[in-house]
């Protein structure tokens with residue numbers, strides 16, 4: 079049996095992110111990859127010409143040559159600066175729902191005005207964008223688009239796993 083992390087690492091980021099590319103900022107821009115895992119997506123973003131900051135609490139997954147932050151949601155306490163795009167792929171469903179508001183608020187602090195947040199939600203256990211849209215809005219994020227897709231992993235597709243890819247825009251505080 080192939081370990082789940084290896085199956086995830088074998089997914090082509092160009093295929094994974096293809097429907098979301100219209101929401102990416104122009105290069106060069108700063109991307110924050112939260113829950114970066116092995117750095118598969120971060121390496122792809124870098125090859126596209128973006129400046130990438132990775133956050134991953136599990137140091138065992140870090141590539142040796144990368145400069146990463148050992149942190150996680152909701153705190154992201156080791157980060158500073160502002161980002162044009164924040165990605166959270168296949169992580170949110172692991173965060174306890176009582177931490178969601180604090181996470182959205184911290185992400186808003188790290189976002190430039192007009193920045194995008196792309197967040198994937200695993201269905202099940204979540205029921206979709208409605209699970210998070212109101213909390214995100216309370217922290218200054220406006221839901222812009224939702225793209226529902228079947229899992230790219232064969233075992234997950236067989237089990238009926240779907241993903242809602244939510245695109246939020248950072249709105250100016252009132």
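In the numbering used here, the protein residues as written are 79 to 252. Just so it is clear, CB atoms sit at the ideal spot from N, CA and C, and this is done for glycine as well.
What separation, rounded to the nearest whole angstrom, lies between the Cα atoms of residue 240 and residue 203? Translated into the one-based positions of the chain shown, residue 240 becomes position 162. Translated into the one-based positions of the chain shown, residue 203 becomes position 125. Taken atom to atom, the span from the alpha-carbon of residue 240 to that of residue 203 is near 10 Å.
Which value, in whole angstroms, describes the spacing of the CA atoms of residue 117 and residue 132? Here residue 117 corresponds to residue number 39 of the chain shown, with the count starting at 1. Here residue 132 corresponds to residue number 54 of the chain shown, with the count starting at 1. Rounded to whole angstroms, residue 117 to residue 132 spans 8 Å at the Cα level.
Can you give me the Cβ contacts of residue 183 inside the same chain, cut-off strictly under 6 Å, excluding the 5 residues immediately before and after it? For the purposes of this step, residue 183 is taken as residue 105 along the chain shown, with counting starting at 1. Cβ neighbours of residue 183 beyond the five flanking positions: 217.
Could you tell me the alpha carbon to alpha carbon distance between residue 105 and residue 124, rounded to whole angstroms? Taking the chain shown and counting its residues from 1, the one referred to as residue 105 is at position 27. Taking the chain shown and counting its residues from 1, the one referred to as residue 124 is at position 46. In a straight line, the C-alpha of residue 105 is about 10 Å away from that of residue 124.
Can the beta-carbon of residue 112 be found less than 8 Å from the beta-carbon of residue 151? For the purposes of this step, residue 112 is taken as residue 34 along the chain shown, with counting starting at 1. For the purposes of this step, residue 151 is taken as residue 73 along the chain shown, with counting starting at 1. Yes, they are a contact pair.
Touch test, the region 222 to 242 against the region 173 to 190, Cβ-Cβ under 8 Å, three pairs minimum: No: fewer than three Cβ pairs fall under 8 Å.
Can you check DSSP and say which residues form a bridge with residue 224? The residue given as residue 224 occupies position 146 in the chain shown. DSSP lists 244 as partners of residue 224.
Just reading off the alpha helix (DSSP H) that residue 216 is part of, what are its end residues? Against the chain shown, residue 216 aligns to sequence position 138. From DSSP, the alpha helix (DSSP H) with residue 216 extends over 208 to 216.
Just reading off the beta strand (DSSP E) that residue 111 is part of, what are its end residues? As a working mapping, residue 111 is identified with position 33 in the chain shown. 108 to 112 is the extent of the beta strand (DSSP E) around residue 111.
Same chain, Cβ closer than 6 Å to residue 154, five either side skipped, listed in chain order: Along the chain shown, one-based indexing puts residue 154 at 76. So the list reads 184, once near-sequence residues are dropped.
Rounded to whole angstroms, what's the CA-CA distance from residue 192 to residue 163? Just pull it up for me. In the chain shown, residue 192 corresponds to position 114, counting from 1. In the chain shown, residue 163 corresponds to position 85, counting from 1. In this structure, the straight-line span from the alpha carbon of residue 192 to that of residue 163 is close to 9 Å.
Buried or exposed by the 16-neighbour rule on C-beta atoms within 10 Å, applied to residue 114: Your numbering for residue 114 matches position 36 in the chain shown. A residue is called buried when at least 16 other Cβ atoms come within 10 angstroms of its Cβ; residue 114 meets this threshold and is buried.
Sort 157, 228 and 233 by Cα distance to residue 201 and report the nearest one. Taking the first residue of the chain shown as position 1, residue 201 is located at position 123. Here the closest residue by C-alpha is 228.
Outcome for residue 136 when other beta-carbon atoms lying within 10 angstroms are tallied against a minimum of 16: Counting from one through the chain shown, the residue named residue 136 turns up at place 58. Counting the other Cβ atoms within 10 Å of the Cβ of residue 136 gives fewer than 16, which makes it exposed.
Residue burial classification, residue 158 (beta-carbon count within 10 angstroms, cutoff 16): One-based indexing of the chain shown puts residue 158 at position 80. Of the other Cβ atoms in all chains shown, fewer than 16 fall within 10 Å of the Cβ of residue 158; this residue is therefore exposed.
CB residue 119 to CB residue 91, shorter than 8 Å? Taking the first residue of the chain shown as 1, we reach residue 119 at position 41. Taking the first residue of the chain shown as 1, we reach residue 91 at position 13. Contact annotation: residue 119 and residue 91 have beta-carbon atoms nearer than 8 Å.
Classify residue 196: buried if its beta carbon has 16 or more other beta carbons within 10 angstroms, exposed otherwise. Counting from one through the chain shown, the residue named residue 196 turns up at place 118. It counts as buried.
Quick check on DSSP: helix, strand or coil for residue 93? Residue mapping note: residue 93 aligns to position 15 of the chain shown, counting from 1. Residue 93 carries a helical assignment under DSSP once its states are collapsed to helix, strand and coil.
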